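Numbering (UniProt numbering), first residue to last: 1 to 127.
Glycine included, every Cβ here is placed at the ideal spot set by N, Cα and C.
Since this is a predicted model, take the numbers as computed values, not measurements.
So the structure is just underneath, and the comments pick up after that.
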């Protein structure tokens with residue numbers, strides 16, 4: 001359904017270090033870099049599906065209230081690693097790794113990145 005997702009940042013260099021630390025743990029890699037944007041793709045994808053960008057209008061990037069990007073994780077261990085790496089890289093904890101009530105195998109962790117964007121890593125595989 002979705003082609004790609006973008007999140008704004010006020011410090012692309014710092015955001016790049018953050019996402020470079022957490023996304024490879026979920027199987028995503030940096031594929032594109034310019035002075036205005038960084039693009040990430042799944043290991044098996046040739047197109048960037050997640051972008052961190054400086055706002056096109058040159059105004060301050062802000063996070064949305066009620067918005068979140070959830071990344072798929074293959075294993076619960078990957079969710080745990082994502083959360084630990086995000087916290088170590090300066091993220092704010094919004095809910096540690098664990099099963100959630102959405103369904104029997106919904107294992108997730110939640111953080112806010114360095115710009116306040118809410119992120120989640122979710123494994124729906126039974127373990």
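What three-state label does DSSP hand residue i in the structure shown?
| i | result |
| --- | --- |
| residue 83 | helix |
| residue 100 | coil |
| residue 70 | strand |
| residue 4 | coil |
| residue 76 | helix |
| residue 114 | coil |
| residue 93 | strand |
Mind checking whether residue i and residue j have CB atoms under 8 Å apart?
| i | j | result |
| --- | --- | --- |
| residue 128 | residue 87 | The structure shown has nothing for residue 128, since the chain only spans 1 to 127. |
| residue 70 | residue 120 | yes |
Roughly how many angstroms lie between the CA atoms of residue i and residue j, to the nearest whole one?
| i | j | result |
| --- | --- | --- |
| residue 50 | residue 116 | 16 Å |
| residue 103 | residue 73 | 16 Å |
| residue 23 | residue 44 | 14 Å |
Examine chain B for any beta-carbon lying closer than 8 Å to the beta-carbon of residue i, and answer yes or no.
| i | result |
| --- | --- |
| residue 44 | In the displayed structure, chain B is absent; only one protein chain is listed. |
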